[in-house]
Amino acid sequence: MTTSETEGAASPPRRRPSLRFVKLEREIEGVKLTLQVSPCSWMYRGYGLQVAITMDGGGAYILDKSTPFESATSADLERLFDKAKTVSCSCCGKPAFDPEACDTNREGKCEACFMKKLNAEFARGRQKALAAALQLRARKKKAGFTYLVSAWIHPEEGGDDFEIHLWYRQPPDAQSVETAIRKAGSEVFDDFLVVQL
Ligand SMILES: [Zn+2]
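Residue numbering for the sequence shown follows the numbering used here, beginning at 8 and increasing consecutively.
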């Protein structure tokens, strides 16, 4: 009898589950960390194995160039997860990604503290810009200007919109404003605001 020789030959080879959809979770000091494989690992040949790790809404990456996605196993993911070290947030002490161990721009701060700092910087920047704008208006007024036209230029050739300031000693007439906006390369001529100084 030769049945035993052919046993199992008909069943297809076992395929390992794709790592594309694997989601691993760990917990460090009460904070949940999630690991997933970054799509660039299978989209770009020779990229290596990259994982994205998220914690409290913040993310960090770890790239292992020497492991191609095609031959990566779940053990590789666990190994990379081990590498995702955390440090105590420099502001509040909660776990934060260790900037030495993973690719992160959070500077050793937890997500909440990092966002707080970012928002504060943004608010400071806005305040400064506003103060500078008011100062400029005051100077122009002193110099005899009575109107400011703040116009948004929508470049004909594409690219980002930008703002220009036109200063007038008399109430601006529509024609001169349009000419100035056209000269600045805009394809829209009515996106402006007139401010009396
Ligand atoms: Zn913090």
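We treat Cβ as the ideally placed atom computed from N, Cα and C, and that holds for glycine.
Task: S25 - DSSP class collapsed to helix/strand/coil - done: coil
TODO: Tell me whether E107 sits in a helix, a strand or coil according to DSSP, three-state version.
DONE: coil
Open item on the list: Give me the residue from Y154, G132, T80, V201 with the minimum Cα distance to V44.
Closed with: T80
Task: With 16 other Cβ atoms within 10 Å as the buried cut-off, status of F199 - done: buried
Task: Run of the alpha helix (DSSP H) containing F121, from where it starts to where it stops - done: 118-149
Open item on the list: Could you compute how far the alpha carbon of E32 sits from the alpha carbon of F121?
Closed with: 23 Å
Open item on the list: Buried or exposed for V58, going by 16 or more other Cβ atoms inside 10 Å?
Closed with: buried
Open item on the list: What residue range does the beta strand (DSSP E) around R189 cover?
Closed with: From DSSP, R189 is part of no beta strand (DSSP E) but of the alpha helix (DSSP H) over 181-190.
TODO: Go ahead and label L143 buried or exposed: buried means 16 or more other beta carbons lie within 10 angstroms of its beta carbon, across all protein chains shown.
DONE: exposed
Open item on the list: If you reduce the DSSP assignment to three classes, tell me which class R86 lands in.
Closed with: helix
Open item on the list: Can you look up E36 in the DSSP assignment and give me helix, strand or coil?
Closed with: coil
Open item on the list: Can you tell me where the beta strand (DSSP E) holding S157 begins and where it ends?
Closed with: 154-160
Task: Beta carbon nearer than 6 Å to a non-hydrogen atom of ligand 1 - done: C96, C98, C99, K101, K116, C117, A119, C120
- [ ] Go ahead and label V184 buried or exposed: buried means 16 or more other beta carbons lie within 10 angstroms of its beta carbon, across all protein chains shown.
- [x] buried
Open item on the list: Counting C-beta neighbours from all protein chains within 10 Å, is the total for R52 16 or more, i.e. buried, or is it exposed?
Closed with: exposed
Open item on the list: Please classify E133 as buried or exposed, where buried requires at least 16 neighbouring CB atoms within 10 angstroms.
Closed with: The question names Glu, but residue 133 is Arg in the sequence shown. Counting Cβ neighbours within 10 Å, R133 comes out exposed, since fewer than 16 surround it.
TODO: Return yes when the Cβ of A67 is within less than 8 Å of the Cβ of T111, no when it is not.
DONE: yes
Open item on the list: At the level of alpha carbons, what is the spacing between V202 and L87?
Closed with: 58 Å
Open item on the list: Measuring straight from C-alpha to C-alpha, what distance separates G100 and E34?
Closed with: 16 Å
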